[in-house]
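Undergrad:
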Amino acid sequence: MSVETENLEQLVNRRYAHGFVTDIASEGLPPGLNEDVVRAISALKQEPEFLLEWRLRAYRQWLEMTEPEWAHVHYPRIDYNSISYYSAPKSDKDRPQSLEEVDPKLLETYDKLGIPLHERARLAGVAVDAVFDSVSVATTFKKKLSEAGVIFSSFSDAVREHPALVKKYLGSVVPQRDNYFAALNSAVFSDGSFVYIPKGVRCPMELSTYFRINAANTGQFERTLIIADEGSHVSYLEGCTAPMRDENQLHAAVVELVALDDAEIKYSTVQNWYPGDENGVGGIYNFVTKRGDCRGTNSKICWTQVETGSAITWKYPSCILRGDNSVGEFYSVAVANNYQQADTGTKMIHIGRNTSSTIVSKGISAGHAQNAYRGLVRVMPQASSARNHTQCDSLLIGKDCGAHTFPYMEIRNPSARIEHEATTSKISADQMFYCRQRGISEEDAVNMIVNGFCKEVFNELPMEFAVEAQALLNVSLEGAVG
Amino acid sequence: MLKIRNLDASIGDTQILRGLSLNVNAGEVHAIMGPNGSGKSTLAQVIAGHDDYVVTGGSITFKGEDLVPLAPEARAREGIFLGFQYPVEIPGVNNAYLLKAAVNAKRKHQGLGEIDAFEFLKLAREKMTMLDMDPKFLHRGVNQGFSGGEKKRNEILQMAMLEPELAILDETDSGLDIDALKAVAGGINALRDPARAIILVTHYQRLLDYVEPDHIHVLSEGRIVRSGDKSLAHELEDKGYEWLQDIASAG
Ligand SMILES: Nc1ncnc2c1ncn2[C@@H]1O[C@H](COP(=O)(O)OP(=O)(O)O)[C@@H](O)[C@H]1O
Ligand SMILES: [Mg+2]
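These protein sequences, in sequence, are chains P and R.
Note that my numbering has the first sequence beginning at 1, numbered continuously upward.
Note that my numbering has the second sequence beginning at 1, numbered continuously upward.
1. Consider the Cβ of R:MET161: report whether some Cβ of chain P lies at a distance smaller than 7 Å.
2. Given the structure, does R:THR14 come close to ligand 1, in the sense that its CB is under 6 Å from one of the ligand's heavy atoms?
3. Give a yes or no on whether the minimum CB-CB distance between R:SER10 and chain P is below 7 Å.
4. Just to confirm the assignment, what range does the beta strand (DSSP E) spanning P:THR424 have?
5. Determine the chain P residues that contact R:PHE146 at a beta-carbon separation under 9 Å, and present them in chain order.
6. How is the alpha helix (DSSP H) around R:THR42 delimited, first residue to last?
7. Does DSSP classify R:VAL103 as helix, strand or coil?
8. Who sits around ligand 2, taking every residue whose Cβ is closer than 7 Å to one of its heavy atoms?
9. Report the rounded CA-to-CA distance for P:ALA164 versus P:ALA158, giving the unit in angstroms.
10. Alpha carbons only, please: which of P:TYR339, P:TYR180, P:VAL173 and P:VAL379 is nearest the one belonging to P:TYR59?
11. Between which two residues does the beta strand (DSSP E) holding R:PHE62 run?
12. What residues in its chain sit with their C-beta under 6 Å from that of P:THR313, if we drop five residues either side in the sequence?
13. With distances taken Cα to Cα, identify the nearest neighbour of R:GLN85 among R:ARG223, R:GLU163 and R:VAL201.
14. Taking the alpha-carbon of R:ALA185 as reference, which of R:PRO194, R:ARG196 and R:LEU169 has the nearest alpha-carbon?
15. Please name the residues in the region 411 to 440 of chain P whose beta-carbon is closer than 8 Å to at least one beta-carbon of chain R, in chain order.
16. Are the C-beta of R:HIS139 and some C-beta of chain P separated by less than 7 Å?
17. Under 8 Å, with one C-beta from each stretch per pair, do the region 219 to 239 of chain R and the region 52 to 67 of chain R reach the 3-pair mark?
18. Could you pull the DSSP bridge partners for R:GLN110 from this structure?
19. Judging by CA-CA distance, which residue of P:TRP54, P:CYS302, P:GLY200 and P:PRO175 is the nearest neighbour of P:ALA148?
20. Beta carbon of R:LYS100, beta carbon of R:PHE81: below 7 Å?
21. Kindly identify the DSSP beta-bridge partner or partners of R:ASN36.
22. Can you pull the DSSP bridge partners for R:MET1?
23. With burial defined as no fewer than 16 other Cβ atoms inside 10 Å of the residue's Cβ, what is the status of P:GLU101: buried or exposed?
24. So that I know if they touch, is there some Cβ in chain R lying closer than 7 Å to that of P:LYS455?
25. Identify the contact partners of R:HIS203 in chain P, using a Cβ-Cβ distance below 9 Å as the criterion.
26. In terms of DSSP beta bridges, what is P:ASN388 paired with?
27. Cβ of R:ILE47 within 6 Å of any heavy atom in ligand 1?
28. According to the neighbour-count rule (16 or more other Cβ atoms, all chains shown, within 10 Å of its Cβ), is P:TYR434 buried or exposed?
29. Tell me where the alpha helix (DSSP H) around R:ILE188 begins and ends.
30. Name the residue from R:ASP177, R:GLU163, R:ASP214 and R:GLN205 whose alpha carbon lies nearest to the alpha carbon of P:GLY439.
31. What's the gap between the Cα of P:GLY367 and the Cα of P:ASN338?
32. Assuming contact is defined by CB atoms lying nearer than 7 Å, are P:SER356 and P:CYS392 in contact in what I supplied?
33. Is P:THR344 helix, strand or coil by DSSP?
34. Pairing CB atoms from the region 456 to 469 of chain P with CB atoms from the region 296 to 311 of chain P, are three or more of them under 8 Å?
35. By the three-class DSSP mapping on this structure, what secondary structure does P:VAL128 have?
36. Along the chain, where does the alpha helix (DSSP H) that runs through R:GLN158 open and close?
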């Protein structure tokens with residue numbers, strides 16, 4: 001039997017096997033939030049008792065909390081009772097049946113991004129039968145991973161198949177009551193990804209939600225948990241460079257990373273949710289809690305993010321440097337165009353001895369957008385010889401946009417060495433003229449200069465991702481100049 | 001090829017070029033000399049289409065076409081190259097990347113496909129060897145942390161790759177040591193061709209010992225006050241520019 005037919009058969013079987021779940025799920029839940037809704041979600045997902053209890057605790061804590069107001073963003077009050085907390089994945093018959101039925105504007109963007117044809121269909125939400133290519137890729141990769149002992153599955157599958165691991169680590173990095181949105185997520189999260197890398201294993205490939213077909217519909221309240229056991233190594237790519245079709249306005253995801261002794265996690269994100277139109281109408285509110293715990297000695301966690309989408313982004317991927325000699329890194333490009341608002345940054349919490357952290361933040365504002373960097377470096381009294389280097393650069397395109405920097409430092413150990421550099425620049429007329437005199441169009445010149453500005457961050461992205469991120473940046477700044 | 005008639009040009013409220021006329025034919029090398037502030041760079045920028053400068057009178061045509069309404073990138077693609085007096089740094093943008101984008105922009109304009117990556121590198125390395133440039137410079141940020149001499153060589157590299165019909169080199173010789181000057185002069189001479197014109201803007205006659213001009217013009221207070229053959233350069237070297245003041249105020 002050829003590889004193709006084998007995969008095809010697996011696909012068919014899987015769809016049958018999951019038929020039962022699909023039936024229940026297609027009903028979804030009416031809008032509104034109360035304890036019964038939390039219970040219903042847990043029941044729909046056939047979760048063990050401990051998880052239901054965990055969700056309920058989170059819900060009760062959330063009720064007592066108030067929405068944060070300190071972020072440098074503005075939006076109308078969210079009515080949490082108007083949201084449906086369990087909308088089932090769309091059935092194939094409700095989706096567009098072919099690319100012909102998809103919004104041409106969306107397809108045009110895919111074209112500019114150079115997204116391969118078969119992937120365009122998947123991104124646009126075309127019925128999955130039409131997308132054999134990526135399915136077979138996914139299956140081949142799954143096989144290779146399980147040979148290495150790597151667990152890479154949806155969160156729901158992990159709850160069923162590895163409840164002990166989930167119970168041990170869930171909420172151990174981001175506690176339920178950490179913040180308003182984390183508490184909400186803990187109560188109602190729908191699905192997400194789970195990764196476990198066993199001791200001493202170097203994950204044989206970059207893990208990406210791309211290879212997990214069922215990740216496409218986990219949407220709104222996503223939960224990701226990655227555990228790198230002693231001496232292991234993993235690189236995880238989240239998201240997708242193309243604009244995902246999504247009707248949900250509020251996104252409140254939680255990502256927890258745990259790195260044990262000598263382990264390393266590299267987590268890269270390219271976020272390109274719908275930013276709203278040129279007039280600031282519509283768009284996603286992206287309120288995410290991402291935190292990594294360098295729990296073991298010599299462990300390392302590196303966050304790299306390219307944020308170009310969403311109407312509002314509120315996101316601070318952080319590292320808790322608990323283990324001695326642990327290393328935390330944060331590389332970020334955040335773009336805000338038109339009426340987008342981005343409030344993003346990081347927190348580096350130094351607890352262990354000889355811990356070090358690096359922060360490189362590149363903020364680009366265009367149109368009427370506001371872009372804020374908010375970063376905290378905290379050195380605890382016991383964290384001797386901690387080091388931090390922060391570099392925070394802003395690039396302004398046009399005169400109606402803004403960049404804001406809020407660096408917070410709490411240094412409670414005198415042996416710490418902390419460096420902070422910040423710059424704000426504009427694309428200079430001289431740079432533009434130089435490029436144009438070489439025959440390069442205004443638009444290409446801006447793209448080139450912006451990409452140059454972001455280079456240190458793009459260098460941290462896996463190769464193919466970096467290329468796509470560049471293309472994406474160009475698309476999101478379209479019309480920013482000229 | 002290039003015809004400038006009674007050109008007036010201003011920046012802000014200040015008029016800088018005052019009735020300047022100049023004729024440059026294919027195959028010729030012209031040198032434009034003159035004291036600091038006489039308008040040499042202004043002339044170069046106006047030909048290249050910098051939008052800080054406004055043409056308030058007269059005309060510029062290139063290959064018979066009116067240049068004034070054309071955007072800088074359109075002029076570049078038509079074959080006009082300006083080697084800048086002060087090449088700007090573009091941090092993080094790979095030098096090779098800019099070079100390739102420039103070559104491809106021109107090729108596209110000519111209806112050609114993009115240059116093959118291998119072909120491009122081979123060509124660039126060849127030109128760099130001629131200019132005695134370390135190939136490492138291809139992979140650094142555009143002019144980022146380059147010394148003055150390195151920036152000027154980089155301009156010549158770009159010119160060599162783009163093979164313009166009209167090259168205007170603004171003080172490309174200033175700040176170069178003798179080896180660099182020879183390398184740059186070699187690059188310019190390699191480009192001399194019956195189909196091509198070169199305008200050398202220079203303050204000193206030093207470069208002209210290596211690149212022999214067909215015509216020399218002296219610019220003062222925004223107009224050409226004298227033109228001649230290469231012997232004029234030596235005359236200027238001997239007398240300095242002071243005597244021009246008299247001509248300018250008299251004219
Ligand atoms: N941005 C500007 N605003 C006003 N005057 C300027 C500006 N740039 C140049 N100038 C003036 O224009 C004149 C010519 O300058 P320039 O063309 O650079 O001369 P050159 O290259 O011959 O030294 C000088 O008097 C200079 O001060
Ligand atoms: Mg000058």
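Ideal placement from N, C-alpha and C gives every residue a C-beta, glycine not left out.
TA: By the coordinates alone:
1. no
2. yes
3. no
4. 417 to 426
5. Result: empty, since nearest Cβ-Cβ is about 13 Å, beyond 9 Å.
6. 40 to 48
7. helix
8. R:LYS40, R:SER41, R:GLN85, R:ASP170, R:GLU171 and R:VAL201
9. 9 Å
10. P:TYR180
11. 53 to 62
12. ASN286, GLU307, ALA342 and THR344
13. R:VAL201
14. R:LEU169
15. SER428, ALA429, ASP430, GLN431, PHE433, TYR434, CYS435, ARG436, GLN437, ARG438, GLY439 and ILE440
16. no
17. no
18. According to DSSP, R:GLN110 bridges with nothing at all.
19. P:GLY200
20. no
21. BP columns for R:ASN36 are empty, so no partner.
22. DSSP output for R:MET1 lists no bridge partner at all.
23. exposed
24. yes
25. Per Cβ cutoff of 9 Å: no residues; R:HIS203 is ~21 Å from chain P at best.
26. P:SER357 and P:ILE418
27. no
28. buried
29. 178 to 191
30. R:GLU163
31. 4 Å
32. no
33. strand
34. yes
35. For P:VAL128, the predicted structure reports a pLDDT of 39, less than 50, and the residue's modelled location is therefore unreliable. A value from the coordinates is still provided. Helix.
36. 148 to 162
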